[in-house]
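A.B. asks:
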Amino acid sequence: MGALLRPTFSKSNISDLSIYKAAVERFLKCIPSDGRTTVDLQPLLSNLVSAVPKLRTKRVDNDEISPFKYLIPKSLTTTAHKQVHDYIDLFVDKALEKLQEESTSNSHTLMQKSLLEGLAKQTNDRIEIRQNVIQGMLAAQGTTYVLISNTLFLLSRNPSLYKRLRDEVQDLDLEATTHLFDVLRDQDFIHNILRESLRLYPIFPNMNHIALRHTTLPRGGGSDGQSPIFTPRGTTMYVNQYALHRDRTVFGDDIESFNPDRWKSIKPSSWEYIPFGGGPRACVGQQKALAEAAYTVAKMAQVYQGLESRDGREWEGEWKLTAKNVNGCKVLCIPA
0 MGALLRPTFS KSNISDLSIY KAAVERFLKC IPSDGRTTVD LQPLLSNLVS AVPKLRTKRV
60 DNDEISPFKY LIPKSLTTTA HKQVHDYIDL FVDKALEKLQ EESTSNSHTL MQKSLLEGLA
120 KQTNDRIEIR QNVIQGMLAA QGTTYVLISN TLFLLSRNPS LYKRLRDEVQ DLDLEATTHL
180 FDVLRDQDFI HNILRESLRL YPIFPNMNHI ALRHTTLPRG GGSDGQSPIF TPRGTTMYVN
240 QYALHRDRTV FGDDIESFNP DRWKSIKPSS WEYIPFGGGP RACVGQQKAL AEAAYTVAKM
300 AQVYQGLESR DGREWEGEWK LTAKNVNGCK VLCIPA
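For the record, in the sequence shown the residue sitting at position 301 is 300 according to numbering that gives the first Met the number 0, with numbers rising by one throughout.
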């Protein structure tokens, strides 16, 4: 599936941040401007418009029900799947029809660069498009806004770092319509802040894979865990990012501290730090997510001279599809 999704998230297709910038402006208008009122930024951030459509359904966490999923009547899951598929197929058909109309009319305004429309350009297989749309929507469910919320939560508790950030971004032209994507990508301090936020509070703290056939993993067996290990079909294998990103041999002894500067001296391997997964199944939308998060954090630092925590409680995870702070991000925003 990643092969079909990847072109939609190419640099040429995600570098235009104009739609997202307009959403950020609407978000900023929701923040009290009196410099005295506490606001929970987390629900406001969740309303930021994303270029990837979201499917809003009532859901039960898969990890909570997985031991009992075979007890659920098949008729219920079949009905639920059909409802989702029928709904998405309406939009798939519209996208295919629109593409056909534009091709027959020799139009040179080849459709907007949405996920669905990008897929329609690559294949006319309705089922393939539908499955990729579902995958894209699930991957986008709450990921970017949770990253931004966690980052602002951490910055509000570290005023010296927020001041450094504010000093760094004062001269950035965030209103630029060209090259903004590249400008944001070159901001090392902002990206070190985001890297550290993702290290401390990974959006997907625990991922699992199920062996579809008998296989062998390269390590995990033997007395020292370094030998191959047989993995029967049906075995569930877990990858815990929360624990992985707290490896002292990689990240240093101060693993519970928010220290963006650690990234000046450490270079974790591709499998020691995996906030977006790794290998051929790594998140294809990671550059888009990082660009949007970098823009939002930079914009906040330009607009507000102070960001003060108004909640003494520690970060406490609420784990659904993604993990967010159950207490939100309650802060005081002091306008510049």
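Just so you know, even glycine gets a beta-carbon here, dropped at the ideal spot from N, CA and C.
This one's a predicted model, so the numbers in the text were calculated from it and none came from an experiment.
#1: Quick one: which unbroken alpha helix (DSSP H) runs of 4-plus residues sit fully inside the stretch 122-168? Chain order, please.
#2: Quick check on DSSP: helix, strand or coil for Phe203?
#3: How far does the alpha helix (DSSP H) with Tyr19 in it extend, from its first residue to its last?
#4: With a CB to CB cut of under 6 Å and the five nearest residues on each side skipped, what residues in its chain are close to Lys329?
#5: Name the residue from Asn326, Glu315, Arg198 whose alpha carbon lies nearest to the alpha carbon of Arg245.
#6: What are the start and end residues of the beta strand (DSSP E) that includes Tyr237?
#7: Nearest to Thr235 by alpha carbon, out of Leu216, Leu243, Tyr241, Gly224?
#8: On the three-state DSSP scale, how would you describe Ala281?
#9: On a Cα-Cα basis, can you pick out the residue from Val296, Thr321, Leu320 that is closest to Phe152?
#10: Can at least three beta-carbon pairs, one atom from the stretch 279-298 and one from the stretch 165-184, be found at a separation below 8 Å?
#11: Phe229 bridges to which residues according to DSSP?
#12: With C-beta atoms as the reference, is Val325 less than 7 Å away from Glu313?
#13: Going by C-alpha distance, which of Thr177, Ile18, Asp88, Ile265 is nearest Thr248?
#14: To the nearest angstrom, how far is it from the Cα of Glu15 to the Cα of Leu43?
#15: Start and end of the beta strand (DSSP E) containing Thr37?
#16: Mind the definition here: the stretch 225-239 touches the stretch 204-215 only if three or more C-beta pairs lie below 8 Å; say whether that holds.
#17: Just checking my contact of Lys120 with Leu98 at CB under 8 Å: how many whole Å lie between their CB atoms?
#18: Taking Tyr303 and Cys282 to be in contact with their CB atoms under 8 Å, please state how far apart those CB atoms are, rounded to whole angstroms.
#19: Using C-beta distances below 6 Å, list every residue in its chain close to Arg58, excluding the 5 sequence neighbours before and after it, in chain order.
#20: As a quick exercise: from Ala242, Lys20, Gly219, pick the residue whose alpha carbon is nearest that of Ala292.
#21: Go through its chain and collect everything with a Cβ distance to Leu27's Cβ below 7 Å, but skip five positions before and after it.
#22: Here's the rule: buried if 16 or more other CB atoms are within 10 angstroms of the residue's CB, otherwise exposed. What is Val23?
#23: Could you pull the start and end residues of the beta strand (DSSP E) that Val330 belongs to?
#24: When you compare the stretch 272-288 with the stretch 187-204, are there three or more beta-carbon pairs, one atom per stretch, that lie closer than 8 Å?
#25: Do Ser148 and Gln41 have their beta-carbon atoms positioned less than 7 Å apart in this structure?
#26: With DSSP as the reference, identify every bridge partner of Lys323, one or two as the case may be.
#27: Please state whether DSSP places Tyr294 in a helix, a strand or coil.
#28: Note down, in chain order, each residue of its chain lying with its Cβ closer than 8 Å to the Cβ of Phe8, except the 5 sequence neighbours on either side.
#29: By the three-class DSSP mapping on this structure, what secondary structure does Ser367 have?
#30: Here's a check: name, in chain order, each residue in its chain whose Cβ is nearer than 8 Å to the Cβ of Val238, leaving out the five neighbours to either side.
#31: When the distance is taken between beta carbons, is Val91 closer than 7 Å to Arg129?
#32: Can you tell me whether Lys10 is helix, strand or coil according to DSSP?
#33: On a Cα-Cα basis, can you pick out the residue from Pro259, Gly221, Gly220, Ala335 that is closest to Arg194?
C.D. replies: So, from the listed chains and residues:
#1: If you keep only unbroken alpha helix (DSSP H) runs of at least 4 residues inside the stretch 122-168, you get 125-139, 142-155, 158-168.
#2: To locate residue 203, count along the sequence shown from 1; it is residue 204. Of the three classes helix, strand and coil, the one that applies to Phe203 here is coil, per DSSP.
#3: Here residue 19 corresponds to residue number 20 of the sequence shown, with the count starting at 1. Unbroken alpha helix (DSSP H) run through Tyr19: 17-28.
#4: By 1-based counting over the sequence shown, the position of residue 329 is 330. Hits under 6 Å: Thr37, Asp39, Arg309, Asp310.
#5: Looking up residue 245 in the sequence shown gives position 246. Taking Arg245 as reference, the option from Asn326, Glu315, Arg198 with the minimal CA-CA separation is Arg198.
#6: Within the sequence shown, the letter at position 238 stands for residue 237. It spans 235-239 - the beta strand (DSSP E) in which Tyr237 sits, taken as one unbroken run.
#7: The residue labelled residue 235 in the question sits at position 236 within the sequence shown. Thr235 has its Cα closest to that of Leu216, out of Leu216, Leu243, Tyr241, Gly224.
#8: The residue labelled residue 281 in the question sits at position 282 within the sequence shown. Correct three-state label for Ala281: coil.
#9: Mapped onto the sequence shown, residue 152 falls at position 153. Phe152 has its Cα closest to that of Val296, out of Val296, Thr321, Leu320.
#10: Yes, they touch.
#11: In the sequence shown, residue 229 corresponds to position 230, counting from 1. When DSSP reads this structure, Phe229 sits in a beta bridge with Thr215.
#12: Against the sequence shown, residue 325 aligns to sequence position 326. Against the sequence shown, residue 313 aligns to sequence position 314. No, the Cβ-Cβ distance between Val325 and Glu313 is not below 7 Å.
#13: As a first step, residue 248 is located in the sequence shown; it is residue number 249 there, counting from the start. The candidate whose alpha carbon is nearest that of Thr248 is Ile265.
#14: Looking up residue 15 in the sequence shown gives position 16. Looking up residue 43 in the sequence shown gives position 44. According to the sequence as given, residue 15 is Asp; it is not Glu. So the alpha carbons of these two residues sit roughly 23 Å apart.
#15: In the sequence shown, counting from the first residue as 1, residue 37 sits at position 38. Start and end: 37-39.
#16: Touching, per the Cβ criterion.
#17: As a working mapping, residue 120 is identified with position 121 in the sequence shown. As a working mapping, residue 98 is identified with position 99 in the sequence shown. Contact holds; Cβ gap of about 6 Å.
#18: In the sequence shown, the residue the question calls residue 303 occupies position 304. In the sequence shown, the residue the question calls residue 282 occupies position 283. Wrong, their Cβ atoms sit about 30 Å apart, outside the cutoff.
#19: Stepping through the sequence shown from its first residue, residue 58 is reached at position 59. Confidence is the limiting factor: at Arg58 the pLDDT is only 39, short of 50, which leaves the residue's position unreliable, though a coordinate-based value still follows. Excluding residues up to 5 positions away in sequence, nothing lies with its Cβ nearer than 6 Å to the Cβ of Arg58 in the same chain.
#20: The residue given as residue 292 occupies position 293 in the sequence shown. Of the residues Ala242, Lys20, Gly219, the one whose Cα lies closest to the Cα of Ala292 is Lys20.
#21: Counted from its first residue, the sequence shown places residue 27 at position 28. Once the five neighbours on either side are set aside, the close Cβ partners of Leu27 are Val302.
#22: The sequence position of residue 23 within the sequence shown is 24, counting from 1. Val23 comes out buried.
#23: Taking the first residue of the sequence shown as position 1, residue 330 is located at position 331. For Val330, the enclosing beta strand (DSSP E) stretches over residues 329-334.
#24: A contact exists between the stretch 272-288 and the stretch 187-204.
#25: For the purposes of this step, residue 41 is taken as residue 42 along the sequence shown, with counting starting at 1. For the purposes of this step, residue 148 is taken as residue 149 along the sequence shown, with counting starting at 1. Going by beta carbons, Gln41 and Ser148 fall inside the 7 Å limit.
#26: Counted from its first residue, the sequence shown places residue 323 at position 324. Beta-bridge pairing links Lys323 to Glu317.
#27: One-based indexing of the sequence shown puts residue 294 at position 295. Helix.
#28: Here residue 8 is taken as the residue at index 9 of the sequence shown, counted from 1. Closer than 8 Å at Cβ, skipping near neighbours: Val283, Gly284, Gln286, Lys287.
#29: Because the chain here runs from 0 to 335, residue 367 falls outside it and cannot be looked at.
#30: Locating residue 238 in the sequence shown gives position 239, counting from the first residue. Answer for Val238: Asn205, Met206, Asn207, His208, Ile273, listed in chain order.
#31: As a first step, residue 129 is located in the sequence shown; it is residue number 130 there, counting from the start. As a first step, residue 91 is located in the sequence shown; it is residue number 92 there, counting from the start. In terms of Cβ geometry, Arg129 and Val91 form a close pair [threshold 7 Å].
#32: Here residue 10 corresponds to residue number 11 of the sequence shown, with the count starting at 1. In this structure, Lys10 counts as helix in the three-state DSSP scheme.
#33: Residue mapping note: residue 194 aligns to position 195 of the sequence shown, counting from 1. For Arg194, the nearest C-alpha among the options comes from Pro259.
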